[in-house]
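Quick note on UniProt numbering: the sequence shown kicks off at 1 and runs consecutively. Cβ atoms here follow ideal geometry from the backbone N, Cα and C, with glycine treated the same way. Below is one structure, written out as structure tokens; the observations come after it.
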Amino acid sequence: MRAGISRVVVEIIILVIAVALALLIFSPISGYIFGSLGRTSTVGGAAQIQVLNAQFTAATGGGYDLRLDVKNLGPGTIPPGTWHVFVNNTDWGTYNMTDPLAPGGVESVTVHTTGTIDTTRQHNIVVYGPGNTQAQYLYYPPS
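Okay, here's the thing in structure tokens:
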């Protein structure tokens, strides 16, 4: 037997050094990659919305109007475009917003239906807005 370090020990040391180098290289790259993926939702100014209030009113000539106060929670501005409103999974129509909605701004969205609705019951309202925004609101009748 010859004096010196055994071949198995040398291979283990080389393996440990290779793993350490791989971690040193991969850690900053993975942080950059996953950080970039996390920021993709804010690129281009993605915004979130919240329905503050919903009000059903009987429309002249029949049917009902639904007015929703929708707030832009930010961080981006919502571009002009069409809002789609659904009540209990029924399409209530669209509303066209002509001006951008800045963060913190509130837009009154009004849609009309020719059908009837029981305003003494709960209703599930879903709003889809420009810029891939959406919000859900549970309407409770006034007491």
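Residue V106 holds the alpha-carbon nearest to the alpha-carbon of Q50 among V106, T90 and Y95. Bridge partners of G129 according to DSSP: T133. In terms of Cα proximity to Y140, the closest of F26, N53 and P28 is N53.
The beta-carbon separation of H112 and A59, rounded to 6 Å, stays under the 8 Å limit for a contact. Secondary structure within the stretch 47-132: the beta strand (DSSP E) runs of 3 or more consecutive residues, fully enclosed, are 47-58, 64-75, 81-87, 90-97, 106-113 and 123-129 (chain order). Rounded to the nearest angstrom, the Cβ distance from D99 to P80 is 6 Å, consistent with a contact under 8 Å. Under the 10 Å beta carbon count, I14 is surrounded by fewer than 16 other beta carbons and is classified as exposed.
With fewer than 16 other Cβ atoms from the protein chains shown falling within 10 Å of its own Cβ, N132 counts as exposed.
Check the Cα spacing between Y137 and each of G63, N88 and Y64: the tightest is with N88. Here I78 is buried: its Cβ has 16 or more other Cβ atoms, across all protein chains shown, within 10 Å. Contact annotation, P103 with G63: C-beta distance approximately 34 Å; criterion of less than 8 Å not satisfied.
Minimum Cα-Cα distance from A135 among the listed residues S143, I125 and P142 corresponds to I125.
In the DSSP secondary-structure assignment, Y139 is bridged to H123. In the same chain as F86, and ignoring 5 residues on each side of it, the C-beta atoms closer than 6 Å to its own belong to V126, in chain order.
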